[in-house]
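A.B. asks: Letter by letter, the sequence shown follows residues 20 to 267 in my numbering.
Quick reminder that beta carbons are idealized off the backbone N, C-alpha and C, glycines included.
All values reported here derive from a predicted model rather than from experimental measurement.
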Amino acid sequence: TDVTKEASDMILMDDNFATIVNAVKHGRIIYDNIRKFAFFLLRCNFDELAVIATFAILGMPLPLTAPMILWINLVTDGGPATALSMDPPMEDVMARPPRDPKQGILYGRILQIIISFISQYLGTTFVFLLVYKYGFFAWGLSETERLMKAQTMCFVQATLRELVVVWNCRSETKSAFKLSWTSNKFLLVAEAVSILSSILIVYVPILRMMFGTTPLGIYEWLLVGSIASLGFLWMPEYLYEKRVFKWV
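1) Closest to S213 by CA distance: which of I53, G123, M87 is it?
2) Would you mind listing the alpha helix (DSSP H) stretches within the segment 37-90 that are 4+ residues and don't spill past its ends, in chain order?
3) Where does M113 fall in DSSP's three states?
4) Below 8 Å on the Cβ atoms is my guess for C173 versus F147; work out the distance and round it to an integer in Å.
5) If you count every other CB in all the chains shown that lies within 10 Å of the CB of T192, and 16 or more means buried, which is it?
6) Can you check which of these residues, E67, N41, A57, is closest to S138 by C-alpha distance?
7) From what residue to what residue does the alpha helix (DSSP H) around E181 run?
8) Whole angstroms are fine: how far does the CA of L125 sit from the CA of C63?
9) Between the C-alpha atoms of L198 and F56, what's the straight-line distance to the nearest angstrom?
10) Going by C-alpha distance, which of F36, A42, T233, T38 is nearest T4?
11) Report buried or exposed for D276, applying the criterion of at least 16 other Cβ atoms within 10 angstroms of its Cβ.
12) Nearest to G97 by alpha carbon, out of L60, A177, P117, V223?
13) With M228 as the anchor, note down where its alpha helix (DSSP H) starts and where it stops.
14) Here's a check: name, in chain order, each residue in its chain whose Cβ is nearer than 6 Å to the Cβ of S217, leaving out the five neighbours to either side.
15) Go to L103, then tell me how far its alpha helix (DSSP H) extends in each direction, as first and last residue.
16) DSSP three-state label for Y153, please.
17) For my contact list, L103 and V184 are in at a C-beta cut-off of 8 Å; report their separation, rounded to the angstrom.
18) For the candidate residues F145, G46, P107, whose alpha-carbon lies nearest to that of P120?
19) Among L81, T101, F36, N41, which residue has its Cα nearest to the Cα of L182?
20) Kindly indicate which three-state DSSP category G8 falls into: helix, strand or coil?
21) According to DSSP, is W158 part of a helix, a strand, or is it coil?
22) Can you tell me whether R118 is helix, strand or coil according to DSSP?
23) Evaluate S190 with the Cβ neighbour count: other Cβ atoms within 10 Å of its Cβ, from every protein chain shown; 16 or more gives buried, anything less gives exposed.
24) With DSSP run on the structure shown, which of helix, strand or coil describes D210?
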């Protein structure tokens with residue numbers, strides 16, 4: 020009756036108690052994906068804010084131009100973050116004990132966010148100072164050309180780093196090496212689009228004019244790629260205790 024429905028905390032429309040289990044499972048999946056989405060976006064935005072604020076306070080040229088920041092936030096971060104919200108469930112989703120309803124959405128991950136954005140902050144700062152201040156990979160270039168080269172490398176490094184770290188956001192207990200790489204097709208598409216668009220921004224003349232970039236050589240790609248890939252290895256190994264190097 021309507022009275023019993025109003026007095027009930029839960030109503031089974033199909034008279035099947037297995038529906039409760041399915042409801043709990045899907046609720047946990049949704050909650051997990053919200054955590055992944057929030058964790059990824061917060062760590063990405065904090066490091067950009069810290070880098071820009073530091074160089075602005077010091078009165079130095081900014082490592083990233085305004086179009087670069089907008090592109091990273093809207094495309095590089097937006098696509099993978101949306102894909103995380105559609106991530107399939109982890110194998111242990113129903114093996115965990117019930118969580119405390121009072122826990123915040125980022126419970127247990129604040130320290131990870133802080134250390135993660137600090138590492139990205141240090142990586143971007145290192146690349147910018149190495150090229151702009153000390154002239155590495157910019158021999159014989161004017162100050163303006165050095166600045167453009169440094170900003171381009173910082174842009175590529177930040178883009179690759181976030182596309183790498185997003186894989187570590189898929190699980191709080193397992194490394195990306197132990198998860199299926201093809202289970203989330205949306206993430207694969209988002210990664211491909213972000214990488215391709217970043218390459219076009221660096222090499223297509225009209226896009227270079229819009230974003231203030233300059234072409235990079237093989238050694239410059241190797242440098243920024245090496246720095247970006249560190250987030251794939253030591254971050255989960257030492258921060259998340261996922262044991263990347265234990266393959267089983």
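C.D. replies: Quick look at the numbers:
1) M87
2) 37-76, 85-90
3) coil
4) 5 Å
5) exposed
6) E67
7) 162-184
8) 15 Å
9) 18 Å
10) In the structure displayed, the chain extends from 20 to 267; residue 4 sits before or after that span and is not available.
11) What is shown of the chain runs 20 to 267, which leaves residue 276 out entirely.
12) L60
13) 224-230
14) T178
15) 97-103
16) coil
17) Not confirmed; about 11 Å, so no contact.
18) G46
19) T101
20) No answer is possible for residue 8: it lies beyond the span of the chain, which begins at 20 and ends at 267.
21) coil
22) coil
23) buried
24) Strictly speaking, residue 210 in this sequence is Glu, with Asp absent from that position. Looking at E210 - three-state DSSP - the assignment turns out to be helix.
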